[in-house]
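Participant: Before anything else, here's the structure in question.
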Amino acid sequence: MAAERLRRDAAPAWLLPPPGRRRWMPRRAPPRARTPRRPPLLLGTACCLLFGPRSARADGLLAEIFAPLAATCGVNGSVGVLDGLLPSITRRDVTVNYPERRNFGIKRCAWEVIGGNTVFNCRGSDEAQKYFAARWTGSLVIRGSGTYTFQIEADDGARLTMGYGRCPGVTCGDKQATLNAQYSELKRTGLSPNAYAKNCEQCAQGLYANCWNTQEGCEPFSVWRLEADGGVNGPCGSPGAIVNGTRYLSGGAHPIELVYFQRGGGARMVLKYSGPDTSNLMMPVPESALIFPRSNALRAEWFVLPQQPSRLPAASPRGDPPPGAQLLSREDDGFDSNGPGVGGFSDRVKNLNRPIMVRWIGLFNIVSGGEYIFRLESDDGSRVIIAARGPGGERVLISNDGVTEGARSSSRTVVMLPGLHPIRVEYFWVPGVDLGYGSVPRPPGVQLFFSGPDTRSKERLVTKDRFLIADGTCQLNNFDWSRGMYMSRDCKGDCIDTQEGVVGDKVCDNGRRTSLGVRKLLTCAAYNFDNYDCEPPDPPPPLVNRPRYQCHVSCPSGNFRRRDCTLCPGKHVQSQNGPFCSESFVGNLSFIRCCAAKLRGVEYWGQDCVAFGTTTRCNETLVDVLDALRSTEPSLDWKAARKDGSQPFPTGELTQDCEGDYCNKITTAFVLDRWSLLPTDQPVCPIQESKQNGTECFVGPWEATYLKDPFTECQQGRYKWNFCRNRKTVDGRPFARCCSFVYLNAQGAGECRFVGVAEGTCERYIVKYREKYRGTFFSISNPNVLNDCAGDLCNDPTDPDKGCPSKVDYDHPFTLGDRLKGPVDWSRVKADVEQHPGEINWVAIFIPVAGVLFLGSAALVYRRSLKVTEESPWHSSRAKVLGKDTFVEPERDPHDPNAPGYHVVKPRPPALKAIIHQDKVKPKALFLDPDVACQEAAISAEADREAREAAITGVPVSLQIAAEAEAGAPPPPQQLPSVLQGVALEELELPGMRDPSKQVGPAALPGEVVHQLALQNDAAAAQAAPETTALVLRAAPGDLQERLDQVYVAPEALLPVATMAVTQTALMAPGATPGATPAIGPLGATRGRPAAAARMMRQGVGGPPRVAM
1 MAAERLRRDA
11 APAWLLPPPG
21 RRRWMPRRAP
31 PRARTPRRPP
41 LLLGTACCLL
51 FGPRSARADG
61 LLAEIFAPLA
71 ATCGVNGSVG
81 VLDGLLPSIT
91 RRDVTVNYPE
101 RRNFGIKRCA
111 WEVIGGNTVF
121 NCRGSDEAQK
131 YFAARWTGSL
141 VIRGSGTYTF
151 QIEADDGARL
161 TMGYGRCPGV
171 TCGDKQATLN
181 AQYSELKRTG
191 LSPNAYAKNC
201 EQCAQGLYAN
211 CWNTQEGCEP
221 FSVWRLEADG
231 GVNGPCGSPG
241 AIVNGTRYLS
251 GGAHPIELVY
261 FQRGGGARMV
271 LKYSGPDTSN
281 LMMPVPESAL
291 IFPRSNALRA
301 EWFVLPQQPS
311 RLPAASPRGD
321 PPPGAQLLSR
331 EDDGFDSNGP
341 GVGGFSDRVK
351 NLNRPIMVRW
361 IGLFNIVSGG
371 EYIFRLESDD
381 GSRVIIAARG
391 PGGERVLISN
401 DGVTEGARSS
411 SRTVVMLPGL
421 HPIRVEYFWV
431 PGVDLGYGSV
441 PRPPGVQLFF
451 SGPDTRSKER
461 LVTKDRFLIA
471 DGTCQLNNFD
481 WSRGMYMSRD
491 CKGDCIDTQE
501 GVVGDKVCDN
511 GRRTSLGVRK
521 LLTCAAYNFD
531 NYDCEPPDPP
541 PPLVNRPRYQ
551 CHVSCPSGNF
561 RRRDCTLCPG
571 KHVQSQNGPF
581 CSESFVGNLS
591 FIRCCAAKLR
601 GVEYWGQDCV
611 AFGTTTRCNE
621 TLVDVLDALR
631 STEPSLDWKA
641 ARKDGSQPFP
651 TGELTQDCEG
661 DYCNKITTAF
671 VLDRWSLLPT
681 DQPVCPIQES
691 KQNGTECFVG
701 PWEATYLKDP
711 FTECQQGRYK
721 WNFCRNRKTV
731 DGRPFARCCS
741 FVYLNAQGAG
751 ECRFVGVAEG
761 TCERYIVKYR
771 EKYRGTFFSI
781 SNPNVLNDCA
791 GDLCNDPTDP
801 DKGCPSKVDY
811 DHPFTLGDRL
821 KGPVDWSRVK
831 ADVEQHPGEI
841 NWVAIFIPVA
851 GVLFLGSAAL
861 VYRRSLKVTE
871 ESPWHSSRAK
881 VLGKDTFVEP
891 ERDPHDPNAP
901 GYHVVKPRPP
911 ALKAIIHQDK
921 VKPKALFLDP
931 DVACQEAAIS
941 AEADREAREA
951 AITGVPVSLQ
961 IAAEAEAGAP
971 PPPQQLPSVL
981 QGVALEELEL
991 PGMRDPSKQV
1001 GPAALPGEVV
1011 HQLALQNDAA
1021 AAQAAPETTA
1031 LVLRAAPGDL
1041 QERLDQVYVA
1051 PEALLPVATM
1061 AVTQTALMAP
1071 GATPGATPAI
1081 GPLGATRGRP
1091 AAAARMMRQG
1101 VGGPPRVAM
C-alpha cells in the first residue's frame, strides 16, 4: 500500500484514476466490453475547446536539423550561429528525448538519376551526425498553473527559450517575442544561475495586480531562457552538463524554442520538466504536452543589409544572405497583405529606412494539377523558388530582380502537380533609390498572383490559405547535392517518406485500389513513370481536330471610355454594332463556341451586353464572367452613393450560343413600347458611351496620384499646372461633382487631393476612401472637405479659401518640354501674376532673357569669326626684352637677303609708351622676362651707352678710357652682371612738342649725361636748330623719372624724318679718316652686329654706327 501511494503521488495528474476507483492499475488493460469513464463534462469541454480532439492535434515540435555544420561557436558563443541558415531537414519530432547520437535519426539522402532510373540514395550520413545543430519550435501545454522546473541534459550545448502565452497582457510573451529574444533584454534570475528572464515591469511601480515578486524575480516572466552553452561570453559546450531553471507558468500553451549543438563525440539531448502536471516528478516532456506549429502562413526572416545592393544574392540551396547581413526578426506571415501600398508591410519597410532583405519559407498547396501562370509583382527586386518532385530539386520559378522605379511584375507558365510544394520567396528593398515622380516615394512591397485549374483560369492573389509553415506528416530535405529542397511525395501529393523504395520495385504503382490497399501514384515524369514498372499504356485514342473559331470579344474599358478597342490584346474588327476585339484563344486552348449575354445589375451602367468565346460551354463561361464581376471590389463612387453598404450583384442570361466565326453578334434592336409595340429610343443592349460629357474637374496633384505621363494619363492630354482636367473616370463614367480634400497622409504630412466623382457626395467619398485604405501605405487621417461643387473646374486648386495654392506647381517638370515648344503665352503669365501677385514667375522671366542672351552671344561669335587679326607694328612675338626701355627683335639685313638672321636692339620710344597708356594693351614682347635675353645684347647695349656719351661730350671713348685709367678709375666693365642693371631708356623727345616748357635739354637736367643727335651732317647745323634736337636720356630713379612721365609726345613725332644722321665729327675718333655717310636706318635702331660695332668704336676703327629715326 505504501508503494502504491508513492506511485500515486509521483504519477502525472491526468493519469490518476477517476473518482470512485479504489485501485490504480496502470499496467492492466481495461476489459473490451467496458466503456472507459469519461472525464467530467466541464473539464472535457474545456480540453476540447482549448486543444481539440486528440486525433486532430499535431503533437510534437517542429524540428530543423542543420547538418553537417562544424562552425557552431563564434565571437558571441553560439548565439546567432544559425541566423540566416536554411535547415537541411525539417520534420516533426514527437518529443525531445535523444539519449544517444543514433537516436537523432539524421540521414543525408536525396533522389538522383543513375543509369536512367530514379533512385533514392543516402550519402555522408555518418559525417552529418558528428557535427550538426538542431532547433525545435512549437508550444508547451501546461494544464496546472504553478512553479515548474526545467532540466536540460545536453552533450555538447543547448539553450531553451520560453514565452508566456497569456496574451494580450503586460506579461505576454508570444511566439515572435520568443523567437527574437535578445540577451540585452534579459537579466539573470534570483536562484537559478543559468536562467535569464525579462521581468514584469509592474513590480518596480508597486503594482501587483498582474505580477508578484518571487525568489526568481518579478513573475510571470514574459520571456525566460535556460542557458546550457555558455551564453554570449562563456565557453561553448559542456559535455554531460545538466542545467536546471525554475519559473512560474499558468495553464495554457506557451511558445518555446530549443537549440542544440553537437560538436563531435557523443551526443545527448533530453528536455525534462517537473511541476503540478507531473506531480513534481522530473520526467521528459511527453508528446501530449507539445503542440506542432501547423498554421496557414510562411516563416518570414527579416535582414538588415550593410550596403545598398542592386540585386539579390545568387540563389543557393543554403539560402545564405549577403555578407554582413544582420537578422532583424523571425516571425509568421500570411503573405497576403504585403503588396505595394497594401497592409502594413509598406509602412514597416519604409520606416526602417535601411536596405533590407526578407525571406519567406514554407509550403504551397495545389489542389488540382495542371498548367498554372504565376505572376510576381514587387518594388524593389524579388524572386520565387519552388521545389519539384523527384530528382528535379528546386528551381527559380520567377525572377523579378533589380532596383526598380515603382512596382514591376514578371510572370511564368509552369505545370504543377497536386499537393504541397516547398516554396521560398526572397525580396529586397533599397531606400532613397526608388523615388517616384514629384519626389513622392513609391510604396515598397511584394505580392504573388496565380491562375490555373484551382482558380478557373482567373488570376487571383495568393493568400495565406494556400500556404503552410510545415507539414507534420512528410519530411522536407534540403541538401546541396540534392539540388536544394525536395519532399518525397507521389504524383498526386501523398507522402511516401520512408517508402521511397516503391519506385522501381517491379510493382506498378498507378494509384489504383487493390486488395492490399490503394497504391501510390508514381506514373509521372518526376519519378520516371515508376521506372517503367507498369505495362506499356494503351495507345491514345486518335486525335480529332478541335474546332477553332474567331469570336467577337467585348473591348475592355480604359482611356476614359466604356469600351476602348485599342486595348485589345490582339486585333479588333468593326461590326454592325460597333468595334470588338477579335480573339480565338484563351491560354493555349482555342474557342470552340462563340457567345453573347445580357447582364443586369452592373455597377453604374445597370444593363450591359458582352460578347466572348469559350473553350468549353457558353453557360460555364458566363458563370465565370459573373463571378469575376461579383468578386471585383466596387468603386468608391458606388460606395459613396449608397449608405446601406450594398454591393453590386450582376446577373445575366445568354443571348447567343453559336458555332462559327464572328457569329456572336450583339443585337442593335430597340426596346418596344408595351402599349404601342413601337420601338423606343432605348436600345436592348445599351453598350454605347455615356451621352453626358461630364463635369470638368481638376484631378491631382500628380504627386499624390502617382501620375507618370500627363499626356496619356490625363483625359485627351488636358492638364493645367500639375493637375489633370478630366470629365470622366478611367472606365468612362462621367463626373457629376468636383471635390477637394485636405488630410494627413500615412507619413503624418498634410496633403491635398482634388477628384471628380460620378456618384454620391464628396463627404461620403472621403469616408469610403479612408475605410478602404485604413492601415496601409495610403491611409489617411483627419480628412476635411474643402469644396463640393457641380460646375466646370469649380474645384480650383489656386482658390485661397477652398483650394491648396501651396500644392500648385506652375512649372512642373512634366510640362517643361510642352511649354518650350511654342511661343510664350503672355496671357497665361499675366493671369498667373494677377492670381499670385506676391510670387515671381521665374520661368516667364527666364525664357525671354535666355533667348536674348543666346542671340547676342551667337552674333558676337559670328562677328569675331569674320575679323582678321592684325599683327602689331611695334613688335614681334619672337622678341626678347632687355630692360624697361629696350627689347631685341630678330631681323634680316635688307641689303643682303641671303644673310642669316641677327638681333636688332630696339628702344621703346615714347610713342609706344603713349599707345600702351592709352589702349591699355601691352605688346607680347614686353611680357617676356628680361633675364632670358642674350648676354651679347646686354654688352652691346652698354657699348651703345658709351658711344652716345662720347657723341655728346665730344670726347672719344678711347680717350675717356685712358683718362679714367690715368685717374685710377676702374676700367669699364666688359659685360653687365644683369640686364636689369643696364641702360634704362625712358623718354625720347621728338620735334613738334606742343608745350615748349616741357622740353627737356641739358640745362633742365643738370648732372645727367645728355646725348645729342644732330639732324644735319655738320655739328654747326645741329647747334643752330635746338628745337629739332632729340634727346636720349639716361634717367635715374627719383624726381627725374616723375618729370619725364609728364613729357607730352605729339603724334607728329611718329612721322618718319628723312636724311637724319649722326654728326660725323662728333662720333669720329681722333685721327680717323672721314668716310662715306652710311645708310639711314629706322629710328633708334643700331643695324649691324652690336658687339662688333661696340668693339670697333672702342678701338677707333671704322665708321660710326648707322643711327636713324
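All residue numbers for the sequence shown refer to the UniProt record's numbering, where the first residue is 1 and numbers rise by one. Note that the Cβ used here is the ideal one computed from N, Cα and C, for glycine as well.
In this structure, how does DSSP classify residue 864 when only helix, strand and coil are distinguished?
Facilitator: Taking the first residue of the sequence shown as position 1, residue 864 is located at position 864. Residue 864 falls in the helix class under three-state DSSP.
Participant: Quick check on the burial criterion: 16 or more other C-beta atoms within 10 angstroms. Buried or exposed for residue 475?
Facilitator: As a working mapping, residue 475 is identified with position 475 in the sequence shown. Classification for residue 475: buried.
Participant: Quick one: grab the DSSP three-state call for residue 128.
Facilitator: Taking the sequence shown and counting its residues from 1, one reaches residue 128 at position 128. Looking at residue 128 - three-state DSSP - the assignment turns out to be helix.
Participant: Please state whether DSSP places residue 596 in a helix, a strand or coil.
Facilitator: Here residue 596 refers to the residue found at position 596 when the sequence shown is read from its first residue. Residue state, collapsed to three classes: strand.
Participant: Taking the straight line between their C-alpha atoms, what separation do you get for residue 154 and residue 227?
Facilitator: By one-based count along the sequence shown, residue 154 stands at place 154. By one-based count along the sequence shown, residue 227 stands at place 227. When rounded, the distance between both Cα atoms is 11 Å.
Participant: Excluding sequence positions up to five away, which residues of its chain have a Cβ less than 6 Å from the Cβ of residue 256?
Facilitator: Residue mapping note: residue 256 aligns to position 256 of the sequence shown, counting from 1. Excluding residues within five positions, the ones whose Cβ falls inside 6 Å are 140, 162.
Participant: In the DSSP assignment, the beta strand (DSSP E) including residue 356 goes from what residue to what residue?
Facilitator: For the purposes of this step, residue 356 is taken as the residue at position 356 of the sequence shown. Residue 356 -> beta strand (DSSP E) spans 356-366.
Participant: Among residues of its own chain, excluding the 5 on either side of residue 782, which ones have a beta-carbon nearer than 7 Å to its beta-carbon?
Facilitator: If you number the sequence shown from 1, residue 782 lands on position 782. Cβ within range, chain order: 743, 744.
Participant: Mapping DSSP to helix, strand and coil, what is residue 183?
Facilitator: Position 183 of the sequence shown, counting from 1, holds the residue named residue 183. The answer is helix: DSSP assigns residue 183 an H, G or I state.
Participant: Going by C-alpha distance, which of 219, 197, 196, 682 is nearest residue 207?
Facilitator: Taking the sequence shown and counting its residues from 1, one reaches residue 207 at position 207. Here the closest residue by C-alpha is 219.
Participant: Inspect the beta-carbon positions of residue 644 and residue 760 and report whether they are closer than 7 Å.
Facilitator: For the purposes of this step, residue 644 is identified with residue 644 of the sequence shown, where counting begins at 1. For the purposes of this step, residue 760 is identified with residue 760 of the sequence shown, where counting begins at 1. No, the pair does not count as a contact, with Cβ atoms beyond the cut-off.
Participant: Hey, residue 68 and residue 128: beta-carbon distance below 7 Å or not?
Facilitator: Locating residue 68 in the sequence shown gives position 68, counting from the first residue. Locating residue 128 in the sequence shown gives position 128, counting from the first residue. It is a contact, given that the beta carbons lie within the stated cut-off.
Participant: Helix, strand or coil for residue 249? Go by DSSP, reduced to three states.
Facilitator: Your numbering for residue 249 matches position 249 in the sequence shown. Strand at residue 249.
Participant: Looking at the structure shown, is residue 63 part of a helix, part of a strand, or coil, going by DSSP?
Facilitator: Walking along the sequence shown from the start, residue 63 turns up at place 63. Here residue 63 sits in strand by DSSP.
Participant: Measuring alpha carbon to alpha carbon, tell me which residue in 260, 285, 142, 283 is nearest residue 253.
Facilitator: Within the sequence shown, residue 253 is the residue found at index 253, counting from 1. The option with the nearest alpha carbon to residue 253 is 142.
Participant: Among the residues of its own chain, which have a CB less than 6 Å from the CB of residue 307, if the five just before and after it don't count?
Facilitator: Translated into the one-based positions of the sequence shown, residue 307 becomes position 307. Hits under 6 Å: none found.
Participant: Here's a check: name, in chain order, each residue in its chain whose Cβ is nearer than 6 Å to the Cβ of residue 276, leaving out the five neighbours to either side.
Facilitator: Reading the sequence shown from its first residue, position 276 is the one you call residue 276. Here the set comprises 144, 146.
Participant: Kindly list the residues whose CB is nearer than 8 Å to the CB of residue 672, restricted to its own chain and excluding five residues on each side of it in sequence; keep chain order.
Facilitator: Your numbering for residue 672 matches position 672 in the sequence shown. For residue 672, where only same-chain residues beyond five positions count, the Cβ hits under 8 Å are 678, 679, 680.
Participant: Check whether the Cβ atoms of residue 305 and residue 322 lie closer than 7 Å to each other.
Facilitator: On the sequence shown, position 305 is the one that residue 305 refers to. On the sequence shown, position 322 is the one that residue 322 refers to. For residue 305 and residue 322, yes; Cβs fall inside 7 Å.
Participant: Between the stretch 497-504 and the stretch 400-411, can you find at least three pairs of beta-carbon atoms closer than 8 Å?
Facilitator: With a cut-off of 8 Å, the stretch 497-504 and the stretch 400-411 do not count as touching, because too few Cβ pairs lie within range.
Participant: Can you look up residue 273 in the DSSP assignment and give me helix, strand or coil?
Facilitator: The residue labelled residue 273 in the question sits at position 273 within the sequence shown. Strand at residue 273.
Participant: At 4 residues or longer, what runs of the alpha helix (DSSP H) sit wholly inside the stretch 665-751?
Facilitator: For the stretch 665-751, whole alpha helix (DSSP H) runs of length 4 or above, ordered along the chain, are 702-705, 710-713.
Participant: Using alpha carbons as the reference points, say which of 152, 571, 618 lies closest to residue 593.
Facilitator: Taking the first residue of the sequence shown as position 1, residue 593 is located at position 593. Considering only alpha carbons, the answer is 618.
Participant: Specify the secondary structure class of residue 772 as computed by DSSP and reduced to three states.
Facilitator: Here the question's residue 772 lines up with position 772 in the sequence shown. Reduced to three states, the DSSP call for residue 772 is helix.
Participant: What residues are listed by DSSP as bridge partners for residue 198?
Facilitator: Here the question's residue 198 lines up with position 198 in the sequence shown. DSSP output for residue 198 lists 223 as bridge partner(s).
Participant: Assign residue 638 to one of three DSSP states: helix, strand, or coil.
Facilitator: Locating residue 638 in the sequence shown gives position 638, counting from the first residue. Looking at residue 638 - three-state DSSP - the assignment turns out to be helix.
Participant: Roughly how far, in whole angstroms, is the beta-carbon of residue 572 from the beta-carbon of residue 555, given that I think they are within contact range, below 8 Å?
Facilitator: On the sequence shown, position 572 is the one that residue 572 refers to. On the sequence shown, position 555 is the one that residue 555 refers to. Confirmed, Cβ separation roughly 7 Å.
Participant: Just checking, does the stretch 92-100 make contact with the stretch 277-287 on the three C-beta pairs under 8 Å criterion?
Facilitator: Yes, since at least three Cβ pairs between the stretch 92-100 and the stretch 277-287 fall closer than 8 Å, the two stretches touch.
Participant: Rounded to the nearest angstrom, what separates residue 446 and residue 685 at their Cα positions?
Facilitator: The count along the sequence shown starts at 1 and reaches residue 446 at position 446. The count along the sequence shown starts at 1 and reaches residue 685 at position 685. Their backbone Cα atoms lie some 41 Å apart in a straight line.
Participant: Let me check one thing: in DSSP terms, what residues is residue 605 bridge-paired to?
Facilitator: Working through the sequence shown from its first residue, we reach residue 605 at position 605. Looking at the DSSP assignment, residue 605 forms no beta bridge with any residue, so it has no partner.
Participant: Considering only their Cβ atoms, is the gap separating residue 291 from residue 165 smaller than 7 Å?
Facilitator: Residue numbering aside, residue 165 sits at position 165 when the sequence shown is read from its first letter. Residue numbering aside, residue 291 sits at position 291 when the sequence shown is read from its first letter. No. Outside cutoff.
Participant: Express the C-alpha separation of residue 150 and residue 268 in angstroms, rounding to a whole number.
Facilitator: Taking the first residue of the sequence shown as position 1, residue 268 is located at position 268. Taking the first residue of the sequence shown as position 1, residue 150 is located at position 150. Each residue's Cα considered, the two are about 16 Å apart.
Participant: If we ignore side chains and look at the alpha-carbon of each, how far apart do residue 699 and residue 648 end up?
Facilitator: Locating residue 699 in the sequence shown gives position 699, counting from the first residue. Locating residue 648 in the sequence shown gives position 648, counting from the first residue. Roughly 26 Å separates the two Cα atoms.
Participant: Looking only at its own chain, which residues have a Cβ that is under 8 Å from the Cβ of residue 494, when we skip the five neighbours before and after it?
Facilitator: Stepping through the sequence shown from its first residue, residue 494 is reached at position 494. Same-chain partners within the cutoff: 419, 520, 521.
Participant: For the candidate residues 709, 309, 764, 766, whose alpha-carbon lies nearest to that of residue 812?
Facilitator: Position 812 of the sequence shown, counted from the first residue, corresponds to residue 812. Comparing Cα-Cα distances from residue 812 to each of 709, 309, 764, 766, the minimum goes to 709.
Participant: Which one or two residues does DSSP pair with residue 158 in a beta bridge?
Facilitator: For the purposes of this step, residue 158 is identified with residue 158 of the sequence shown, where counting begins at 1. Paired residues: 228, 260.
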